[in-house]
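Residue numbers (the numbering used here), protein chains in the order written: chain A, -7 to 131; chain B, 518 to 638; chain C, -9 to 91; chain D, 11 to 351. Glycine included, every Cβ here is placed at the ideal spot set by N, Cα and C.
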């Protein structure tokens, strides 16, 4: 959480002290890169949720990739918002709010994953083994 | 044809949702499924109101000097306010329905309509 | 730049549909719960993307905060259900079959 | 309005509703129905209805799924097999198909989707949009219509929440539950036998203060951004629900007891109706806030309307918060008020 706020203050300071267009283009490019990276991870998540053979491995894909891709996309959007128009206190406030969303997702999503995982372990969901049905069908 | 589909797509979805909810309320025997059908029917009606108030090339109905004062730039607030209260009231009435389901289960030991009707006789 | 964000939103929606396939198909209830959890998290992101498209992020961010705070309640509730009733699939889908056999 | 999103989302919504009716396992149906609420929230954001989307986000994500899960928890999860009842299914399908056909025929008479010049958008709504800023100084038109122009409507909607939660509380209350409720007032509860996992408890402890702070922000800041009494009240109620799910119902009762809850339910409606009554005494119409400027001469009529709206929102938030929590505690403990979901 502290790291997020420090980083956004750092970018604010860069924008505040330099008025050259190069910084503008660099920050825009950085935000687009982050958003595309987030989309890539979400692609990985959705393929994992579809293709993995059992509940526990799907949980792995969903829990990790989902949180990471959300955080990357939201951070990219925060940089983009900071970069539009003239710098004002309102824009920085919006950025801090987006960072708050990142923190809530960072706390909430793994907790939900843990709760689902616990429930799945308690109800004895079958886990995948070498001689499960998926392998047999292929042979 | 394609243009007709685009400009009237929301009404088609409204009809689908409403008929789905109505069918569930009549034909399903399980009481919880009936409650789900009730909420789906209600959502169809809310969607009808909101999509009537949507305008092309307009922003949300919070006045900002950037967009001027002309009414055509903002979405319709009246349909939104009617439906905003309808959602909260809908949850409260859904609670009443689910409470009735629990009471019925406590009395008759089943939430199936046929089983309950058998016990009446 | 608005076109780029519309593109991002459409990609997120299409991938959401892919995840929705797991919700539709899911052999157990747990898989459905997992898919719904992923859809809920991505809905938060999509709300902020819509705010950028409308060019009024300051208004849409509030909704997204509320959503991000609340969307794990349903998962925890369902998990508590399964902690009390440790049954994955009901013993028989049909009550009638039990009484016959 | 972003039509690319809306068309994709509406298609997904129809599929989602169909799946939730089709699944045989009731728990699965309820979970898919949660996803239906999520998607509905996105649809309304895409059409520019921000306040409605906020309400649906709070209600659909937080509260209504929990109510369904609590009901399935206390009733049965299986669906009884019915023999193919041809007459009922056939009859209902005929009704639905016929009615759907007639409605489809009527579609052609409606204005096109997103038409800014349709009669819906050009009579009453136009007046609100053009005059709200001058008459009340509130930029969020939805709030000003909710709490000022159509306050009479809103008062009775709040009354419906009040009556519904009272009905649920009284009809589900059992005689032994009543005794326990009386006994457990301000009783010390030992937390040693809590069976929940530590991670969930700690995470909820981290989230709940943020949630309540944010809910208060939403109630107070409703004049300038989406939000207001209904949304803030539902989020406050959801924070209490989360606390009672992470620990136990008794822990919340030790601080926020049922008697206090019923009182705050009534106080919320009373604040709303009381402000209207004061206006009536001061010589205005019922809920005509500009009459309040006689009581506080320093405020003009505009300022008094602005401030009275805030108090009305606070009353709505009180009622909705305690209403949601009362409904949750009644449903989840099946009227025994002993242990939660």
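What's the C-alpha gap between residue i and residue j?
i, j, result
"residue 154(D)", "residue 66(C)", "36 Å"
"residue 520(B)", "residue 526(B)", "10 Å"
"residue 159(D)", "residue 309(D)", "20 Å"
"residue 52(D)", "residue 635(B)", "44 Å"
"residue 150(D)", "residue 107(D)", "42 Å"
"residue 204(D)", "residue 345(D)", "Below a pLDDT of 50, predicted positions are generally treated as unreliable, and residue 204(D), at 49, falls in that range; no measurement from the model is reported."
"residue 9(C)", "residue 25(C)", "6 Å"
"residue 290(D)", "residue 120(D)", "42 Å"
"residue 282(D)", "residue 600(B)", "20 Å"
"residue 20(D)", "residue 11(D)", "13 Å"
"residue 110(D)", "residue 122(D)", "19 Å"
"residue 68(C)", "residue 71(D)", "13 Å"
"residue 145(D)", "residue 137(D)", "11 Å"
"residue 60(C)", "residue 638(B)", "46 Å"
"residue 45(C)", "residue 70(C)", "41 Å"
"residue 24(D)", "residue 75(C)", "31 Å"
"residue 588(B)", "residue 297(D)", "26 Å"
"residue 550(B)", "residue 561(B)", "17 Å"
"residue 53(C)", "residue 217(D)", "17 Å"
Near residue i, which residues of its chain fall below 6 Å by C-beta distance, leaving aside the five closest residues on each side in sequence?
i, result
"residue 630(B)", "546"
"residue 90(A)", "66, 70"
"residue 68(A)", "23, 26, 27"
"residue 176(D)", "none"
"residue 58(C)", "34"
"residue 62(A)", "97"
"residue 559(B)", "607"
"residue 57(A)", "33, 36, 37"
So which residues of chain A does residue i contact, with C-beta pairs closer than 8 Å?
i, result
"residue 20(C)", "47, 108, 111, 112, 115, 117"
Got a sec? Which residues, its chain only, sit under 8 Å from residue i by beta carbon, not counting five neighbours each side?
i, result
"residue 94(C)", "Outside the displayed span of chain C (-9 to 91) sits residue 94(C), for which this structure offers no information."
"residue 196(D)", "Residue placement at residue 196(D) is flagged as unreliable, the pLDDT there being 46, under the threshold of 50; a coordinate-derived value is accordingly withheld."
"residue 580(B)", "586, 591"
"residue 168(D)", "278, 279, 282, 325, 326, 329, 330"
"residue 18(C)", "78, 79"
"residue 625(B)", "632, 633, 636"
"residue 584(B)", "576, 590, 591"
"residue 75(A)", "7, 16, 19, 20, 23"
Name the chain A residues that come within less than 7 Å of residue i, Cβ to Cβ?
i, result
"residue 9(C)", "38, 41"
"residue 207(D)", "110"
"residue 25(C)", "41"
Considering only residues of the same chain and omitting the five flanking positions on each side of residue i, which have a CB-CB separation below 7 Å?
i, result
"residue 44(D)", "75"
"residue 156(D)", "164, 238"
"residue 27(C)", "65"
"residue 68(D)", "241, 244, 245, 248"
"residue 271(D)", "332, 335, 336"
"residue 16(C)", "22, 25"
"residue 303(D)", "309, 310, 311, 314"
"residue 81(D)", "341"
"residue 37(D)", "82, 87"
Would you mind telling me which residues of chain D sit closer than 9 Å to residue i, beta carbon to beta carbon, in chain order?
i, result
"residue 140(A)", "Only positions -7 to 131 of chain A appear in the structure, and residue 140(A) is not among them; the question remains open."
Mind pulling the chain B residues with CB within less than 8 Å of residue i?
i, result
"residue 323(D)", "In chain order: nothing, as chain B lies at least about 13 Å away."
Residues of chain G with CB under 9 Å from residue i, in chain order?
i, result
"residue 82(A)", "In the displayed structure, chain G is absent; the protein chains listed are A, B, C and D."
Going along chain B, which residues have a C-beta under 9 Å from residue i?
i, result
"residue 51(D)", "Ordered by position in chain B, no residue passes the 9 Å Cβ test against residue 51(D), which lies about 10 Å from the chain."
"residue 44(C)", "576, 577"
At a CB-CB cut-off below 8 Å, which residues of chain C make contact with residue i?
i, result
"residue 62(A)", "31, 32, 34, 35"
"residue 347(D)", "Neighbours of residue 347(D) on chain C: none; closest Cβ ~17 Å, over 8 Å."
In chain C, what lies closer than 9 Å to residue i by C-beta?
i, result
"residue 103(A)", "62, 65, 66"
"residue 255(D)", "63, 66, 67, 70"
List, in order along the chain, the chain D residues whose C-beta lies closer than 8 Å to that of residue i?
i, result
"residue 550(B)", "31, 36, 39, 89"
Three-pair Cβ contact test at 8 Å for the segment 540 to 553 of chain B versus the segment 95 to 109 of chain D: Three or more beta-carbon pairs separated by less than 8 Å link the segment 540 to 553 of chain B to the segment 95 to 109 of chain D, which places the two stretches in contact.
Segment contact flag, the segment 39 to 54 of chain A with the segment 5 to 18 of chain A, C-beta cutoff 8 Å, min 3 pairs: With a cut-off of 8 Å, the segment 5 to 18 of chain A and the segment 39 to 54 of chain A do not count as touching, because too few Cβ pairs lie within range.
Residues in the segment 6 to 26 of chain A having any Cβ partner in chain C nearer than 9 Å: Of all residues in the segment 6 to 26 of chain A, only 20, 24 place a beta-carbon less than 9 Å from a beta-carbon of chain C.
Contact the segment 575 to 592 of chain B vs the segment 57 to 67 of chain D: 3+ CB pairs below 8 Å: With the cut-off at 8 Å, the segment 575 to 592 of chain B and the segment 57 to 67 of chain D touch.
The segment 209 to 227 of chain D touching the segment 169 to 185 of chain D, judged by at least three CB pairs closer than 8 Å: Fewer than three beta-carbon pairs drawn from the segment 209 to 227 of chain D and the segment 169 to 185 of chain D are found closer than 8 Å, and the two stretches are therefore not classed as touching.
Positions along the segment 234 to 253 of chain D whose CB lies within less than 8 Å of some CB in chain C: The residues in question are 235, 236, 237, 241, 245, 248, 251, 252.
Cβ contact (3+ pairs, closer than 8 Å) linking the segment 28 to 36 of chain D and the segment 100 to 112 of chain A: The answer is no - the segment 100 to 112 of chain A does not touch the segment 28 to 36 of chain D, with fewer than three Cβ pairs under 8 Å.
Proximal residues, the segment 567 to 583 of chain B versus chain C, C-beta separation under 8 Å: Within the segment 567 to 583 of chain B, those residues whose Cβ lies closer than 8 Å to any Cβ of chain C are, in chain order, 576, 577, 579, 581.
Contact between the segment 171 to 179 of chain D and the segment 326 to 338 of chain D (3+ Cβ pairs under 8 Å): These segments touch.
Under 9 Å (Cβ pairs) to chain B, residues found in the segment 263 to 287 of chain D: Residues passing the 9 Å Cβ filter: none.
Members of the segment 528 to 539 of chain B that neighbour chain D once the beta carbon cut-off is set at 9 Å: Of all residues in the segment 528 to 539 of chain B, 528, 529, 530, 531, 532, 533, 534, 535, 536, 537, 538, 539 have a Cβ within less than 9 Å of some Cβ in chain D.
Residues within the segment 121 to 140 of chain D neighbouring chain B, beta-carbon criterion of under 7 Å: Correct list: 122, 123, 124, 126, 130, 131, 134, 135, 136, 138, 139, 140.
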